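Numbering (the working numbering), first residue to last: 313 to 507.
Backbone N, C-alpha and C fix where the C-beta goes; we use that ideal spot for every residue, glycine too.
From a predicted model like this one, the values you see are computed outputs, not experimental measurements.
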């Protein structure tokens, strides 16, 4: 930690950690920055039917050229701490062996996106963002269901997603899609570094 401070870093932040991995950081003086729910859902053959996308939107494969618009949507959806930059989007897309990257457009403009990953039989909803102007239209549901359909096609058995404990909109969406909160949540920890 001292070396990070000497290099000019002011703060160290962990990734989202389960309790057994966070204990050592707490012992080293890290503080809880954010608590997350970890949600889980089984993937079944029933998840294979086609996705119903609300009439005003088109959902399609995402491309590098979508990045600028996608980052603008992400910035409107998340506060500074959770907002992704280009590196964060890349990391979400490459965190698993296989990934599905989808964007949603309304009148040609990107208004949402989802990144779903697959590692063996496990699926991960890596990122979901729907522009505030397109929320509560069914688009978030369509993007999640699209990812679930892809996971079912590749015989994934389970999908996981995490979200902040305070994100009631996301929790309501996941509940409506039969995700269940796992008893063991995740924490993000941080510590201030001295120079």
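The DSSP assignment places complete beta strand (DSSP E) segments of no fewer than 3 residues inside the segment 337-422 at 343-354, 370-373, 410-418, in order along the chain. Listed as beta-bridge partners of residue 424 by DSSP are 416, 442.
Counted as a single uninterrupted DSSP element, the alpha helix (DSSP H) harbouring residue 451 occupies residues 451-465. About 7 Å separates the Cβ atoms of residue 504 and residue 322, confirming a contact at the 8 Å cut-off.
Secondary structure of residue 315 (DSSP, three-state): helix. Membership of residue 480 in the alpha helix (DSSP H) is indicated by the continuous run 480-488. Residue 406 and residue 348 have their C-alpha atoms spaced approximately 22 Å apart. Here DSSP, grouped into helix, strand and coil, assigns residue 477 to coil. DSSP lists no beta-bridge partner residue for residue 505. DSSP places residue 324 in the uninterrupted beta strand (DSSP E) bounded by 323-325.
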